[in-house]
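With UniProt numbering as the guide, the letters of the sequence shown map in order to residues 1 to 156. In this text, a Cβ means the ideal position worked out from N, Cα and C, and glycines have one as well. Just so you know, these numbers come straight off a predicted model, no measurement behind them.
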Amino acid sequence: MSVYFSVDHLANMAPLEVHRMYKLRVDIFVHEQHCSYSEIDDLDASPDTFHIRALRNDSGVRQLLGTARLFPTTIEGEEVVQIGRVCLTPSERGTGLSVELMEQTLRLAREQAPGRDVVLNAQIPLVPFYQGLGFEPAGEIFDEEGVDHQPMRRQS
Numbered sequence: 001m002s003v004y005f006s007v008d009h010l011a012n013m014a015p016l017e018v019h020r021m022y023k024l025r026v027d028i029f030v031h032e033q034h035c036s037y038s039e040i041d042d043l044d045a046s047p048d049t050f051h052i053r054a055l056r057n058d059s060g061v062r063q064l065l066g067t068a069r070l071f072p073t074t075i076e077g078e079e080v081v082q083i084g085r086v087c088l089t090p091s092e093r094g095t096g097l098s099v100e101l102m103e104q105t106l107r108l109a110r111e112q113a114p115g116r117d118v119v120l121n122a123q124i125p126l127v128p129f130y131q132g133l134g135f136e137p138a139g140e141i142f143d144e145e146g147v148d149h150q151p152m153r154r155q156s
């Protein structure tokens, strides 16, 4: 079965789709990674935030496989777009879907914010993955709720 992608603002998503997205993120970031930070935040509902979802239609049921969010922000006076909350279901890890999800997210960034750099905060074990997508370390490592992160940037 093929994977397809959906892009929406939170306000345009059906309640069940929002539930599935939040459940996946909480399952990954809060339960699996034992992070106690507030997974659901006001940035999700911003009219400028896009939610990118990787889905599969399994016998008429939409199955959420992964998600990411993209939003505009300003860093040191420069307008950029930021990627965050990237996650996949455990069964999809190692299949290449993470690269495909990121490529779709980067395509959307180019469409929505041409000429702007793209930034993200990578968990340390994922730095090589993001480097493979053209991101470079861009700042000091920081701790977020017990998880070390590396700020990264991909130039436009």
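Of the residues Y4, Q131, L43, L106, the one whose Cα lies closest to the Cα of R53 is Y4. Straight across, the Cα-Cα distance linking S98 with D42 is about 25 Å. Take the alpha-carbon of R62 and the one of R56: they are about 6 Å apart.
Cβ-Cβ distances below 7 Å link I28 to C87 in the same chain, with the five nearest sequence neighbours on each side left out; the list follows chain order.
Residue pairing by DSSP puts M152 in a beta bridge opposite L120, P137.
Note that the segment 135-154 touches the segment 114-126; at least 3 beta-carbon pairs, one per stretch, sit closer than 8 Å. Apart from the 5 residues on each side of it in sequence, T49 sits with its Cβ closer than 8 Å to the Cβ of H9, L10, L43, R69, L70, F71 in its chain, given in chain order.
One Cα belongs to V127, the other to V81, and the distance between them is close to 18 Å.
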